[in-house]
Amino acid sequence: MDFDLSWVLWGLPIAFVLGWLASRLDLRQLRIENRQAPKAYFRGLNFLLNEQQDQAIDAFIEAVQKDPDTSELHFALGNLFRRRGEYERAVRVHEHLLSRADLSKAERQRAQHALALDFLKAGLLDRAEDALRKLEGTPYEGQALLALLAIYERTRDWPHASETASKLDASGQGNFSGRQAHYLCEQAANAQPAEAEALLRRAMQMAPEAARPGIELAALQRRAGDARAAFNTLIEHAEAAPAAIPLLAKPLTDAAQASGEQDKAREVLHQSYELSPSLDVLEGIVALESDPEQARAWYVKHLEREPSLVAAAKWLSGEKLEHEQFHKQVQGALDHATKPLTRYRCAACGFEAKQHFWQCPGCQAWDSYPARRVEEL
């Protein structure tokens, strides 16, 4: 059978035309996809700026499906899921990023940090701790340490909290000596007396200006029956931390009366009051006065220096009224009016409480309660 060259001559142009058409179709499809992906991305960004998170998520999912290799879209989508409280979906997005072999070192660290935030927001503290520890030696180490510190405080893991605070201190993230003193005091609360005393003395050395260690050490000594040691501790602490004397005034007065050191306590309280009048220091002075009239006169002296409804109510409680039969009702009304003024208020969140807290129950801030009552702020 003879080979017909005419078929070859006809086939070559046809194959060329078909190849050319196929390449044009592929290029056209690629251009369409490249145009659609940015449109989906910018549409999602527009929705996000208008606080339309549902529509933004749909647009970003579309963009990710069209361009699965774009890490920025994954980060945007994961952050949106986390902000909406869809933590499982955020975790899946960031874990998918970490599983990619083509991810750069910087993006891998960023994805690890985002994953830790997902766990933290979801309340999965053990998984958050593991994820945060993997950020050691990365640009996110400082943020990770702060997050770890919050976890350890929340779980009351004071030894690990102290270790983390030391790392933050060494890295120049701030001065954490006061907070470390609190951690030692928390550990002392559950320790045996000898160990507790050692922890409290260590806390006093670590943060001499802090009020808590000295107060709690004196309370420990009082429980052991050594009122004089408690008094000496409070006197030393008053000299080291004069700003804390309003908080020391009540335990100092009690220890002085138990150990017979009223004169020394009166001297310290008088000096503090002259420098900075305080209701708690005033109450300590009044409690140490043996003459009831002299004690009441201190309220008048305070009113001459500071307008105080609390001091006025205290003075009126011992005053003889013209209509004495109504004294009880009048005094009750005054005591009711002054009760909110004797509270302590957190300087960080405004949470008010009858007692002084070392850590605010509202915002969890340490040392956010001033040593003065609401009326004095």
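If you use our numbering, the sequence shown corresponds to residues 23 to 399, in order.
Don't be surprised by glycine CBs; every beta carbon is placed ideally from N, CA and C.
Does any residue of chain C have a CB that is nearer than 8 Å to the CB of residue i?
{"i": "proline 383", "result": "Of the chains in the structure shown, none is chain C; there is only one protein chain."}
Locate the alpha helix (DSSP H) running through residue i, then write down its first and last residues.
{"i": "glutamate 305", "result": "301 to 310"}
{"i": "valine 147", "result": "One detail in the question is off: residue 147 reads as leucine in this sequence, not valine. Run containing leucine 147: 147 to 155, per the alpha helix (DSSP H) assignment."}
{"i": "glutamate 208", "result": "199 to 211"}
{"i": "arginine 178", "result": "From DSSP, arginine 178 is part of no alpha helix (DSSP H); its letter is neither H nor E."}
{"i": "glutamine 357", "result": "The question names glutamine, but residue 357 in the sequence shown is aspartate. Here the alpha helix (DSSP H) through aspartate 357 covers 349 to 360."}
{"i": "aspartate 140", "result": "127 to 144"}
{"i": "histidine 324", "result": "314 to 327"}
{"i": "leucine 338", "result": "331 to 339"}
Less than 7 Å between C-beta atoms, sequence neighbours within five positions excluded: which residues of the same chain meet that for residue i?
{"i": "alanine 218", "result": "Ala210, Leu242"}
{"i": "glycine 384", "result": "Cys368, Cys371, Phe373"}
{"i": "alanine 277", "result": "Ala240, Arg244, Ala249, Ala252, Phe253, Leu256"}
{"i": "tyrosine 174", "result": "His182, Ala183, Thr186"}
{"i": "leucine 71", "result": "The predicted position of leucine 71 is uncertain, since its pLDDT is 47 and thus under 50; no value can be drawn from it."}
{"i": "arginine 53", "result": "The pLDDT assigned to arginine 53 is 47, lower than 50, so where the model puts this residue is not dependable, and the model offers no usable value."}
{"i": "alanine 266", "result": "Ala233, Ala393"}
{"i": "proline 215", "result": "Leu242, Ala246"}
{"i": "histidine 378", "result": "Leu269, Tyr366, Tyr391"}
{"i": "glycine 100", "result": "Ala112, Val115, His116, Ala136"}
{"i": "serine 298", "result": "none"}
{"i": "isoleucine 237", "result": "Leu269, Leu270, Pro273"}
For residue i, which beta-bridge partners are listed by DSSP?
{"i": "tryptophan 388", "result": "Gln381"}
{"i": "glutamate 374", "result": "Arg367"}
Would you mind giving the Cβ-Cβ distance between residue i and residue j, rounded to the nearest angstrom? I have them listed as a contact below 8 Å.
{"i": "proline 268", "j": "leucine 256", "result": "Proline 268 to leucine 256, Cβ: 13 Å. No contact."}
{"i": "leucine 120", "j": "glutamine 131", "result": "With a Cβ gap of about 10 Å, leucine 120 and glutamine 131 do not count as contacting."}
{"i": "arginine 224", "j": "serine 300", "result": "In fact, because the Cβ distance is near 29 Å, the residues do not count as touching under 8 Å."}
{"i": "alanine 317", "j": "glutamate 326", "result": "Wrong, their Cβ atoms sit about 16 Å apart, outside the cutoff."}
{"i": "arginine 104", "j": "lysine 156", "result": "Incorrect: roughly 18 Å between the Cβ atoms, too far for contact."}
{"i": "glycine 164", "j": "serine 126", "result": "Not really, about 21 Å apart at Cβ, beyond 8 Å."}
{"i": "valine 321", "j": "lysine 336", "result": "Residue 321 is actually tyrosine in this sequence, not valine. Tyrosine 321 to lysine 336, Cβ: 5 Å. Contact."}
{"i": "alanine 229", "j": "glycine 196", "result": "About 14 Å separates the two Cβ atoms, so there is no contact after all."}
{"i": "tryptophan 380", "j": "histidine 259", "result": "Not confirmed; about 15 Å, so no contact."}
{"i": "alanine 333", "j": "histidine 324", "result": "5 Å"}
To which residues of the same chain is residue i closer than 6 Å at the C-beta, ignoring the five residues directly before and after it?
{"i": "phenylalanine 198", "result": "Ala187, Leu190, Asp191"}
{"i": "alanine 150", "result": "Ala138, Phe141, Leu142"}
{"i": "glutamine 353", "result": "Ser339"}
{"i": "alanine 153", "result": "Leu137, Ala138, Phe141"}
{"i": "glutamate 296", "result": "none"}
In chain order, what residues of the same chain have a beta carbon less than 8 Å from the beta carbon of residue i, not counting five sequence neighbours either side?
{"i": "phenylalanine 25", "result": "Residue confidence is low: phenylalanine 25 scores 46 on pLDDT, short of 50, so the model does not pin down where it sits. Its coordinate-derived value is still stated next. Result list for phenylalanine 25: empty, nothing under 8 Å."}
{"i": "leucine 291", "result": "Ile267, Ala271, Leu274, Thr275, Val303, Gly306, Ile307, Leu310"}
{"i": "leucine 221", "result": "Leu206, Cys207, Gln209, Ala210, Ala213"}
{"i": "glutamate 283", "result": "Arg250, Phe253, Ala277"}
Suppose only complete runs of 4+ residues qualify. What are the alpha helix (DSSP H) ranges in the region 229 to 305, listed by chain order?
234 to 245, 249 to 262, 267 to 281, 284 to 297, all fully within the region 229 to 305.
Query raised in the report: Along the chain, which unbroken stretches of the alpha helix (DSSP H) at least 4 residues long are found entirely within the region 89 to 118?
Result: Listed in chain order, they are 93 to 105.
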